[in-house]
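Take a look at the structure set out below.
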Amino acid sequence: MTFRQARNDEPLLIELPQEVDGTIGPSARVPEDLRRTELGIPNLEEFQVARHFTRLSQMNYGTDSGFYPLGSCTMKYNPKYAESLAASPKARRLHPQQPEETVQGALQILFELQEMLARVAGMDEVSLQPVAGAQGELTGLLMARAYFEERGEDRSEVVLPDTAHGTNFASATMAGYDVVEIPSKEGVVDLGALEGAVSERTAAFMLTNPNTLGIFESEALTIAKLVHAQGALLYYDGANLNAILGKTNPGKMDFDLAHFNLHKTFSTPHGGGGPGAGPVGAHGPLTEFLPLPLAAYDGVRYRLDYDRPKSIGKVRAFYGNFGVLLRAYAYITRMGADGLLRVTERAVLHTNYLRARVEEYLPVPFGGLRKHEFVASAAPLREKGVRAIDVAKRLIDYGIHPPTIYFPDLVDEALMIEPTESVTQEGLDAFVDAIALIKEEDPDRLRAAPQNAAVARVDEVSAAKRPILSWRMMDR
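Residue numbers (our numbering): 10 to 485.
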């Protein structure tokens, strides 16, 4: 198994040789008092720019490069038909302030995507406003706050299981709630602990199903009864929706609110700080509190519906990230209901095949079948002085993106692995072969990994504490 990533000592654009001749001055139609004498940007030939970014791309790794088993992130392949559609002039040249009669096609796409997502999740209505999964969480909790305020109920707590994503804790805190964390039992919600935690102070219980261990919370309906018996709401974190498409949905599990991660489940671009989309769905009376506007259709024309007096208002400028929403619309439309069902079946099959093979070399706590992901433990390697981070970094040398590490903390030296449907059996077997080799390799070599990547192991603590956010901050 060989892998060698390009390693270029690539300068910044500002450091490349500058073209001084042939500068194009401002048009004579630009008033002198508006003209700038310096732009502060590099003056380069086209070939210099093209080669610069091509070399950078060769030092990168993405879902187009190979297997990307980053647990809980659902790093599936982004189909190019959706990218082409979002890049088309008809999509790129739209302006959010155009009159509604000139953007009927775009409004139709937004309306139909709302309907599709509502059907997928078993919700009554969906708002496309939030632009990230975490913002979707915050939006749902703000809706819960507005709902209880209208009812005159003072509820100050959000209950979370210890398998919850970290954003759940952050979102609840940002929404002004106190967080109550409950322990798991055999990898799933401890019903006794939940019953003891929910009360008249509880606004919501947030749950990911399947959870971050990849285990399906089979007592979801019992959980819903316990939560609703106290008048609280049940919130569905849609991060792991890829595991249940066409099999079940949050509505069938009696959830009141749900958010989607379009960059996970519906194959829009993911990561890098770029645009995201985290639509929110609601059931029953909670639909009145969805952020506005929603796309609406009266049988003749499409429009933006602002007439929602109980809405929490806007959570994003205009109507969400249209380019991302368009990609998800294309993906869902092309896959259809049968295609989405196959996505889940293949993702779950891949997970359990990989789990069974990885268990030959590393333990996977909490036995049994998994859904979209599983969490292995590198703890047995600790006696050799090797930790999960060393395994993850060494996988890079075999051309495989590392899994998520040290989460969830229920598993010691956790390696959180999610293969998705976008991998062949050969890719799965290559991952297992790499794990087998790593387990027997010299510990010093593992601690020094990666050696074959564009960048060696970085000081992640210093990078987090003293980030370099601009080339102007670099000491060069």
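Note that the Cβ used here is the ideal one computed from N, Cα and C, for glycine as well.
May I have the straight-line CA-CA distance separating residue i from residue j, to the nearest angstrom?
i	j	result
Ala233	Arg164	18 Å
His272	Ala141	9 Å
Ala387	Ala397	5 Å
Lys402	Phe264	39 Å
Leu313	Gly332	18 Å
Ala267	Gly394	43 Å
Pro26	Gln14	26 Å
Val352	Glu228	24 Å
Gln144	Glu449	43 Å
Pro78	Leu437	10 Å
Glu226	Asn218	6 Å
Asp442	His279	27 Å
Leu243	Gly345	28 Å
Thr182	Glu109	38 Å
Glu55	Met68	21 Å
Lys85	Thr111	35 Å
Glu486	Leu250	Nothing about residue 486 can be reported from this structure: the residues present for the chain run from 10 to 485 only.
Ile321	Arg128	23 Å
Tyr311	Asn461	54 Å
Ile477	Arg45	29 Å
Quick one, are the C-beta atoms of residue i and residue j less than 8 Å apart?
i	j	result
Leu147	Leu334	no
Asn220	Val197	yes
Arg210	Gly185	no
Met425	Ser136	no
Thr257	Glu134	no
Glu159	Lys319	yes
Arg366	Val373	no
Asn270	Met215	no
Glu354	Glu382	no
Tyr306	Phe120	yes
Pro459	Asp406	yes
Gly408	Gly49	no
Asn17	Arg60	no
Leu222	Leu371	no
Asn87	Thr277	yes
Leu53	Glu28	yes
Quick check on residue i: does DSSP put it in helix, strand or coil?
i	result
Ser386	strand
Glu195	coil
Glu449	helix
Gly293	helix
Ala115	helix
Tyr306	strand
Met183	helix
Val464	coil
Leu79	strand
Glu190	strand
Ile23	helix
Phe327	strand
Ile414	strand
Phe298	helix
Assuming residue i is part of the beta strand (DSSP E), what are its boundary residues?
i	result
Asp246	Leu242 to Asp246
Val352	No beta strand (DSSP E) contains Val352, which is instead part of the alpha helix (DSSP H) from Phe331 to Val367.
Met425	Ala423 to Ile426
Pro170	Glu166 to Pro170
Val135	Glu134 to Ser136
Thr274	Where Thr274 is concerned, there is no enclosing beta strand (DSSP E), although the alpha helix (DSSP H) it sits in stretches over Leu271 to Thr274.
Asp311	Reading the sequence as shown, one finds Tyr at residue 311 and not Asp. Counting along the chain, the beta strand (DSSP E) containing Tyr311 begins and ends at Tyr311 to Asp314.
Thr217	Thr211 to Thr217
His268	Leu266 to His268
Within its chain, find whatever has a CB closer than 8 Å to the CB of residue i; leave out the 5 residues flanking it on each side and keep chain order.
i	result
Leu94	Ala100, Leu335, Arg336 and Ala339
Asn330	Val140, Pro284, Gly285 and Ala286
Ala202	Ile191, Pro192 and Lys194
Leu350	Leu254, Gly255 and Lys256
Lys261	Gly131
Ile23	Pro51 and Trp480
From the beta carbon of residue i, is the nearest beta carbon of chain D less than 8 Å away?
i	result
Glu469	No chain D appears in this structure, which consists of one protein chain only.
Among residues of its own chain, excluding the 5 on either side of residue i, which ones have a beta-carbon nearer than 7 Å to its beta-carbon?
i	result
Glu166	Tyr186, Asp187, Val189, Arg210, Thr211 and Ala212
Ala423	Val384, Ser386, Ala397, Ile414, Tyr415, Phe416 and Pro417
Leu378	Asn361
Val207	Val168, Phe214, Leu235, Val236, Gln239 and Ala241
Could you pull the start and end residues of the alpha helix (DSSP H) that residue i belongs to?
i	result
Tyr90	Lys89 to Ala96
Phe157	Gly142 to Arg160
Val470	Glu469 to Lys474
Lys402	Ala397 to Asp406
Arg64	Glu55 to Gln67
Val236	Ala229 to Ala238
Ala206	Leu200 to Ala206
Among the residues of its own chain, which have a CB less than 6 Å from the CB of residue i, if the five just before and after it don't count?
i	result
Pro302	Leu313, Asp314 and Tyr315
Ala356	Asn251, His381, Thr429 and Glu430
Pro105	Phe327
Ala439	none
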